[in-house]
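*Asks:* Residues in the sequence shown are numbered consecutively from 18, following the working numbering.
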Amino acid sequence: MQYTVREYGHLGTHGESEGLDYVRVSPASYAQLKEIALTAQETDKPLLRLSKRNNNETLQALNYVGVLGINRGEQLEILPKTSSVSQSHLDARRLLWKMLHRVTDVSPQELNESDVSTLSNNWLEALTRLVLKKYTNLVRSGIKRDYVRREERSSFLKGQLQVAKQMRARPGTEHKFFVEYDQYITDRPENRLLKSCLLRLNRWSASIDNKRLCRELLFVFEEVPESTNYPSDLRKWRADRGMSHYQPLLPWIKLILSYEAPVFSAGGHHGVSLLFPMEKLYEEYVFKCIASCLPRGQRLVLQAASEYLVTHRSNGMFQLRPDGLLTDGSLRVAVLDTKWKLVDSALGAGREKYGLSQADFYQMFAYGMKYMNGQGELVLIYPSHERFSVALEAFEFDKGLKLWVLPFDLNTGRLILSEGYSGALENLSER
Numbered sequence: 018m019q020y021t022v023r024e025y026g027h028l029g030t031h032g033e034s035e036g037l038d039y040v041r042v043s044p045a046s047y048a049q050l051k052e053i054a055l056t057a058q059e060t061d062k063p064l065l066r067l068s069k070r071n072n073n074e075t076l077q078a079l080n081y082v083g084v085l086g087i088n089r090g091e092q093l094e095i096l097p098k099t100s101s102v103s104q105s106h107l108d109a110r111r112l113l114w115k116m117l118h119r120v121t122d123v124s125p126q127e128l129n130e131s132d133v134s135t136l137s138n139n140w141l142e143a144l145t146r147l148v149l150k151k152y153t154n155l156v157r158s159g160i161k162r163d164y165v166r167r168e169e170r171s172s173f174l175k176g177q178l179q180v181a182k183q184m185r186a187r188p189g190t191e192h193k194f195f196v197e198y199d200q201y202i203t204d205r206p207e208n209r210l211l212k213s214c215l216l217r218l219n220r221w222s223a224s225i226d227n228k229r230l231c232r233e234l235l236f237v238f239e240e241v242p243e244s245t246n247y248p249s250d251l252r253k254w255r256a257d258r259g260m261s262h263y264q265p266l267l268p269w270i271k272l273i274l275s276y277e278a279p280v281f282s283a284g285g286h287h288g289v290s291l292l293f294p295m296e297k298l299y300e301e302y303v304f305k306c307i308a309s310c311l312p313r314g315q316r317l318v319l320q321a322a323s324e325y326l327v328t329h330r331s332n333g334m335f336q337l338r339p340d341g342l343l344t345d346g347s348l349r350v351a352v353l354d355t356k357w358k359l360v361d362s363a364l365g366a367g368r369e370k371y372g373l374s375q376a377d378f379y380q381m382f383a384y385g386m387k388y389m390n391g392q393g394e395l396v397l398i399y400p401s402h403e404r405f406s407v408a409l410e411a412f413e414f415d416k417g418l419k420l421w422v423l424p425f426d427l428n429t430g431r432l433i434l435s436e437g438y439s440g441a442l443e444n445l446s447e448r
């Protein structure tokens, strides 16, 4: 069974479910989720927290999205919160997949409408089926082999005799030969990663069809050992012409083997989980979209780290790291920072100040003074929604240093600028 909630939604055992904001779960599932929440609180990655709703104890989802495994084949799906009012399961699910596709370099066309619909039943089974299709295509095109140099002591001569070692052999063992030879085998970094990924998919899946296909594919990789060092094997992945049929699986391997998934657990009594911190996913999605439409000459530097807040004894202290720095040639033209938070234009500039954070403004001012020398544009990028779909008027720190608070359309992947705007961000937006 799958329960579905959105960020900051509640899970409990009382009353009736209310869309994505409150989901009633079985007492057994609640107890399991509570154990997960209490265990995660001891780490720096809390997933759920104890809360109250209508005087009843609940568990509140935090800012991770994806799938959290529970016992007995159950799972909790957590979707992005992109609206201050209700949102549909399917729309939220489509958006999450769209963002994952962009961030992991997986083509959006790879998940068709029927696959998205199936996600309502089981998120991980749909992903598993999609990846297994790619494995099948790869196997049809052929598994690549490579020559590997082997050394061994053999009862017969093959390859090249290692004369120096043979001359040092102990008396009575001369009938054994020290030889080295090239062996044409499937043990290469790409295949080791494919084998490890396939084994993980087999552990994930509870589907009879998916497990059957996994076993058939594992037979093809029977002689290939598992990867013992994912990052090392990924660095050795070859992208030459003869390996072109391997390339469609690379982004999925990175995702499934946790190389790009910040939170992943398998085994134990919590089942399988694949979760992403929403702030990081949003940041990467925004900058992937922006980078794809930069005009010639402009460049987006991520996590710039060249400036410090102060200098002490000729050394910089308190490094300043904006999410993005937009340059045009050698000129710095804008500092960009993403915030995964729902701004509310209706709150106005009075006491509520649109729901903006004073600390964020201080931070942006420091970026502006140090990275822009007090001249240029600063941009805070928030997700667009029904209560924030038009850019706010510019905030002026000083003459020549402006801060823009802009909505970002998650569906089109473009910034939304004010009417009449003219500046460094023109090519990155929709009007």
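From the three backbone atoms N, C-alpha and C, an ideal C-beta is built for every residue, glycine too.
(1) Which residues does DSSP list as the beta-bridge partners of Gly83?
(2) Could you tell me the distance, in whole angstroms, from the CA atom of Thr328 to the CA atom of Met334?
(3) Return the residue from the list Gly314, Arg330 and Lys358 that minimises the CA-CA distance to Leu343.
(4) Does Tyr306 pass the burial test, meaning 16 or more other C-beta atoms within 10 Å, or should it be called exposed?
(5) Going by CA-CA distance only, name the one from Leu215, Asp426 and Arg330 that's closest to Ser100.
(6) Since Ile225 is in the alpha helix (DSSP H), which residue starts that stretch and which ends it?
(7) Have a look at Met38 and Val22 and give me their C-alpha separation to the nearest angstrom.
(8) Between the Cα of Thr429 and those of Leu418, Thr245, Leu445 and Glu436, spot the shortest distance and give me the residue it belongs to.
(9) Quick one: Cα of Tyr399 to Cα of Leu420, how far?
(10) Between Cys231 and chain E, is there a C-beta pair that is closer than 7 Å?
(11) Spatial neighbours of Leu234 within its chain, please: C-beta separation below 8 Å, excluding the five flanking residues on both sides.
(12) Just curious, the beta strand (DSSP E) that Ser3 is in, first and last residue?
(13) Report the three-state DSSP secondary structure of Leu442 (helix, strand or coil).
(14) Count Cβ pairs between the region 104–122 and the region 373–389 that sit closer than 8 Å; are there 3 or more?
(15) Considering Asn208, what are the terminal residues of the beta strand (DSSP E) in which it resides?
(16) Tell me which residues share the same chain as Asn227 and place their Cβ nearer than 7 Å to its Cβ, disregarding the 5 neighbours each side in the sequence.
(17) Counting only the same chain and skipping the five closest in sequence on each side, list residues whose C-beta sits under 8 Å from that of Gln403.
(18) Quick check on this structure: which residue in Leu211, Cys231, Lys212 and Asn208 has the alpha carbon closest to the alpha carbon of Asn219?
(19) In the DSSP output, what is Cys320 paired with across the bridge?
(20) Roughly how far, in whole angstroms, is the beta-carbon of Leu67 from the beta-carbon of Leu79, given that I think they are within contact range, below 8 Å?
(21) Label Gln92 either buried or exposed according to how many other C-beta atoms from any shown protein chain fall within 10 Å of its C-beta, with 16 as the threshold for buried.
(22) Grab me the residues of Thr355's own chain with a C-beta within less than 7 Å of its C-beta, minus the 5 sequence neighbours each way, in chain order.
(23) So, does the region 242–261 touch the region 206–214, judging by three or more C-beta pairs under 8 Å?
(24) By Cβ distance below 8 Å, which residues in the same chain neighbour Ala57 in space, the five residues on each side in sequence not counted?
(25) Got a sec? Which residues, its chain only, sit under 6 Å from Ala308 by beta carbon, not counting five neighbours each side?
(26) Let me make sure I understand the geometry here. Which of Val40, Lys98 and Glu52 has the alpha-carbon closest to that of Leu359?
(27) On the criterion of 16 or more Cβ atoms from any shown chain inside 10 Å, does Ser46 qualify as buried, or is it exposed?
(28) Could you compute how far the alpha carbon of Pro248 sits from the alpha carbon of Ile270?
(29) Would you report the Cα separation of Ser374 and Glu24, rounded to the nearest angstrom?
(30) Roughly how many angstroms separate the alpha carbons of Leu418 and Gly393, rounded to a whole number?
(31) Would you give the residue range spanned by the alpha helix (DSSP H) that Thr344 belongs to?
(32) Are Val396 and Leu364 close, meaning C-beta to C-beta below 7 Å?
(33) Where do the N-terminal and C-terminal ends of the beta strand (DSSP E) with Trp431 fall, by residue?
(34) Quick one: is Phe238 buried, meaning 16 or more other Cβ sit within 10 Å of its Cβ, or exposed?
(35) In chain order, what residues of the same chain lie with their CB nearer than 6 Å to the CB of Leu174, ignoring the 5 residues before and after it?
(36) When burial is assigned at 16 or more other CB atoms within 10 Å of the CB, is Gln104 buried or exposed?
*Replies:* Short version:
(1) Translated into the one-based positions of the sequence shown, residue 83 becomes position 66. For Gly83, which the question treats as bridged, DSSP gives the partners Ile95 and Leu292.
(2) For this step, residue 328 is matched to residue 311 along the sequence shown. For this step, residue 334 is matched to residue 317 along the sequence shown. Approximately 6 Å between the Cα atoms of the pair.
(3) Taking the sequence shown and counting its residues from 1, the one referred to as residue 343 is at position 326. If we check each option's Cα against that of Leu343, Gly314 comes out closest.
(4) Taking the sequence shown and counting its residues from 1, the one referred to as residue 306 is at position 289. According to the sequence provided, residue 306 is Cys. The question's Tyr does not apply to it. It counts as buried.
(5) Taking the first residue of the sequence shown as 1, we reach residue 100 at position 83. With distances taken between Cα atoms, Ser100 lies closest to Asp426.
(6) Working through the sequence shown from its first residue, we reach residue 225 at position 208. Note, Ile225: alpha helix (DSSP H), Ile225 to Val237.
(7) Numbered from its first residue, the sequence shown carries residue 38 at position 21. Numbered from its first residue, the sequence shown carries residue 22 at position 5. Position check: residue 38 holds Asp in this sequence, whereas Met was assumed. Between Asp38 and Val22, the C-alpha separation is close to 6 Å.
(8) Working through the sequence shown from its first residue, we reach residue 429 at position 412. Residue Leu445 is the option with its Cα nearest to Thr429.
(9) Against the sequence shown, residue 399 aligns to sequence position 382. Against the sequence shown, residue 420 aligns to sequence position 403. Answer to the nearest angstrom: the Cα atoms are 13 Å apart.
(10) The structure shown contains no chain E, having only a single protein chain.
(11) For the purposes of this step, residue 234 is identified with residue 217 of the sequence shown, where counting begins at 1. Only Leu149, Tyr152, Thr153, Val156 and Leu215 meet the Cβ criterion.
(12) Shown here, the chain extends from 18 to 448; a query on residue 3 therefore has no answer.
(13) The residue you call residue 442 lines up with position 425 of the sequence shown. In this structure, Leu442 counts as coil in the three-state DSSP scheme.
(14) no
(15) Here residue 208 refers to the residue found at position 191 of the sequence shown. Taken as a continuous stretch (DSSP letters only), Asn208 belongs to no beta strand (DSSP E), being part of the alpha helix (DSSP H) at Pro206 to Trp221.
(16) Looking up residue 227 in the sequence shown gives position 210. So the qualifying residues of the chain are Glu142, Thr145, Arg146 and Leu149.
(17) As a first step, residue 403 must be located in the sequence shown, where it is residue number 386. The residue asked about is misnamed: residue 403 is Glu in this sequence, not Gln. Ser100, Ser101 and Val102, listed in sequence order.
(18) Reading the sequence shown from its first residue, position 202 is the one you call residue 219. Checking every option, the nearest Cα to that of Asn219 belongs to Cys231.
(19) Against the sequence shown, residue 320 aligns to sequence position 303. According to the sequence displayed, residue 320 carries Gln and not Cys. Partner(s): none; Gln320 has no beta bridge.
(20) For the purposes of this step, residue 67 is taken as residue 50 along the sequence shown, with counting starting at 1. For the purposes of this step, residue 79 is taken as residue 62 along the sequence shown, with counting starting at 1. Not a contact, Cβ separation roughly 12 Å.
(21) Translated into the one-based positions of the sequence shown, residue 92 becomes position 75. The residue in question, Gln92, is buried, as its Cβ has 16 or more Cβ neighbours within 10 Å.
(22) Residue numbering aside, residue 355 sits at position 338 when the sequence shown is read from its first letter. Around Thr355: Tyr299, Glu300, Val303, Asp340 and Ile398.
(23) yes
(24) Locating residue 57 in the sequence shown gives position 40, where the first residue counts as 1. The residues are Pro63, Leu64 and Leu65.
(25) Taking the sequence shown and counting its residues from 1, one reaches residue 308 at position 291. Same-chain partners within the cutoff: Leu317.
(26) Position 342 of the sequence shown, counted from the first residue, corresponds to residue 359. Comparing Cα-Cα distances from Leu359 to each of Val40, Lys98 and Glu52, the minimum goes to Lys98.
(27) For this step, residue 46 is matched to residue 29 along the sequence shown. So Ser46 ends up on the buried side.
(28) What you label residue 248 is simply residue 231 of the sequence shown in a count that begins at 1. What you label residue 270 is simply residue 253 of the sequence shown in a count that begins at 1. Answer to the nearest angstrom: the Cα atoms are 11 Å apart.
(29) Position 357 of the sequence shown, counted from the first residue, corresponds to residue 374. Position 7 of the sequence shown, counted from the first residue, corresponds to residue 24. Cα to Cα, the separation comes out at about 20 Å.
(30) On the sequence shown, residue 418 is found 401 positions in, with the first residue counted as 1. On the sequence shown, residue 393 is found 376 positions in, with the first residue counted as 1. Each residue's Cα considered, the two are about 5 Å apart.
(31) To locate residue 344, count along the sequence shown from 1; it is residue 327. Careful: Thr344 lies outside any alpha helix (DSSP H), inside the beta strand (DSSP E) at Gly341 to Asp345.
(32) The count along the sequence shown starts at 1 and reaches residue 396 at position 379. The count along the sequence shown starts at 1 and reaches residue 364 at position 347. Cβ distance not < 7 Å, so Val396 and Leu364 don't count as in contact.
(33) Counting from one through the sequence shown, the residue named residue 431 turns up at place 414. Note on identity: in this sequence residue 431 is Arg, with Trp being the wrong assignment. Arg431 to Ile433 is the extent of the beta strand (DSSP E) around Arg431.
(34) Taking the sequence shown and counting its residues from 1, one reaches residue 238 at position 221. When all chains shown are included, Phe238 counts as buried.
(35) Sequence index remark: in the sequence shown, residue 174 carries index 157 (1-based). Closer than 6 Å at the Cβ level, and outside the excluded window around Leu174, lie Phe194.
(36) Mapped onto the sequence shown, residue 104 falls at position 87. Burial call: buried.
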